[in-house]
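In my numbering, the protein residues as written are 474 to 869.
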């Protein structure tokens with residue numbers, strides 16, 4: 474049963490977490506602000522460390538004897554942080570940016586899509602920054618004497634600070650350049666590529682440790698192998714989703730939303746979520762579930778689906794449609810107007826804004842928008858708007 478009664482919508486609108494809605498608005502507007510070069514409503518950086526990442530650091534440092542294991546684990550954490558600083562600062566220019574350290578490695582959230590050359594440049598800058606810190610640390614420790622414990626520990630830290638950022642330029646998983654290359658590969662090829670990456674990292678890293686006689690390099694090798702293994706598992710799940718029908722269900726659910734059959738879309742999305750294993754496909758299914766629930770007027774289901782989406786998946790159109798379904802018409806109207814000022818003028822957002830204006834009794838504003846953006850509207854859109862009482866100029 475759909476939950477579209479006005480009283481119910483009003484009660485839900487009042488009970489929603491305002492902090493969450495504000496965060497959704499910020500995430501939806503961030504790409505538009507960045508594209509328009511506008512000053513973000515709020516900027517800054519934050520760090521999120523997942524238990525899986527800490528476990529990888531701890532296990533990777535275990536082979537080192539004595540107190541060097543703890544120092545090596547901290548050095549690995551520092552190396553990852555330093556290598557991501559340029560990308561994090563660049564992402565923060567568009568608003569809030571978060572560096573998430575998880576079992577598959579580091580990931581910058583809030584980072585808009587960039588040119589491959591820019592990705593490689595930030596990786597190179599991270600390597601240079603880490604190299605400078607390692608050189609400074611090595612020089613300071615040398616003053617304590619080449620045979621001192623402080624120097625030996627500093628050597629472990631410096632080795633890791635140099636090795637990890639340098640690996641980011643290698644075209645294999647889980648490094649920056651490798652992750653960039655993986656985006657252009659279809660799922661089956663990506664899975665093979667990740668498998669080959671693990672086959673290169675483990676024996677290649679062991680050979681490098683033997684040749685350089687630097688045991689601390691094994692920490693970087695072990696961490697890289699662990700990150701690559703988690704990445705491999707995600708890619709294996711993506712391939713499994715292609716074979717078990719979950720990807721097909723997601724496609725059919727998306728078609729259900731497009732043809733105006735939200736109930737079918739919800740049913741297909743829920744079935745797909747029961748089969749899907751990869752985070753990528755689950756996010757896609759949650760997105761179509763949110764759209765289906767909005768179309769069906771089930772705002773409780775829509776809210777639950779939105780909570781499962783990553784900030785990158787949030788869009789102005791989606792959030793405005795959700796706010797309208799909750800009866801928060803003025804907020805939806807304000808959000809769409811802000812997006813419009815930043816240059817977003819699409820068929821979907823224009824149509825929704827016209828409908829909002831008409832629903833709020835602003836008939837003249839609705840008609841003005843319909844005439845101004847007549848070229849964006851299809852003939853079906855124009856007929857629907859005329860039926861609603863809006864005058865629409867014929868597109869040339």
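C-beta atoms are modelled at their ideal positions from N, C-alpha and C, and glycine is treated no differently.
Assuming residue i is part of the alpha helix (DSSP H), what are its boundary residues?
i	result
residue 589	589-615
residue 815	Taken as a continuous stretch (DSSP letters only), residue 815 belongs to no alpha helix (DSSP H), as it is neither H nor E.
residue 700	690-716
residue 556	541-565
residue 651	649-655
residue 645	Segment: none, residue 645 is in no alpha helix (DSSP H) and carries neither H nor E.
residue 628	622-640
residue 678	660-685
residue 843	836-845
Span of the beta strand (DSSP E) holding residue i?
i	result
residue 517	517-522
residue 578	578-582
For residue i, tell me which candidate among the options has the shortest Cα-Cα distance.
i	options	result
residue 608	663, 851, 630	630
residue 579	638, 627, 541, 566	638
residue 546	562, 527, 555	527
residue 757	769, 770, 738, 772	738
residue 500	524, 564, 521	564
residue 743	716, 811, 652, 775	775
residue 641	685, 687, 624, 594	594
residue 750	711, 700, 823	711
residue 549	677, 590, 692, 808	692
residue 589	655, 495, 623, 772	655
residue 497	790, 800, 841	790
residue 817	788, 836, 571	788
residue 506	815, 707, 839	815
residue 722	835, 574, 740	740
residue 708	652, 696, 684, 685	652
residue 557	657, 688, 530, 596	596
residue 700	689, 645, 786	645
residue 705	552, 648, 689, 847	648
residue 833	523, 822, 662, 801	801
residue 576	523, 714, 626	523
residue 713	687, 663, 679	663
residue 770	559, 735, 783, 718	735
residue 552	570, 752, 618, 599	599
residue 764	689, 494, 733, 754	733
Between residue i and residue j, how many whole angstroms is the CB-CB distance? I'm expecting something under 8 Å.
i	j	result
residue 675	residue 698	5 Å
residue 849	residue 820	5 Å
residue 827	residue 798	Not quite, the Cβ-Cβ distance comes to about 17 Å (not below 8 Å), so this is no contact.
residue 643	residue 671	About 13 Å; that fails the 8 Å criterion.
residue 804	residue 796	5 Å
residue 747	residue 726	13 Å between Cβ atoms; not a contact.
residue 695	residue 532	7 Å
residue 759	residue 731	Actually they do not touch by this definition, with Cβ atoms about 17 Å apart.
residue 518	residue 561	5 Å
residue 794	residue 762	Actually they are not in contact, since the Cβ atoms of residue 794 and residue 762 sit about 14 Å apart, beyond 8 Å.
residue 660	residue 715	6 Å
residue 831	residue 839	4 Å
Cβ contact check for the stretch 588-606 and the stretch 630-645: 3 or more pairs under 8 Å | Contact holds: three or more Cβ-Cβ distances are below 8 Å.
Inside the stretch 713-763 only - alpha helix (DSSP H) runs reaching at least 4 residues | Within the stretch 713-763, the runs of alpha helix (DSSP H) that reach at least 4 residues and sit entirely inside it are, in chain order, 719-731, 735-748.
Please list the segments of the alpha helix (DSSP H) lying wholly inside the stretch 755-811, counting only runs of 4 or more residues, in order along the chain.
-> With a minimum length of 4 residues, the continuous alpha helix (DSSP H) runs that stay inside the stretch 755-811 are 772-780, 789-798.
At a cut of 8 Å, does the stretch 544-561 reach the stretch 657-667 through at least three beta carbon pairs?
-> Touching, no.
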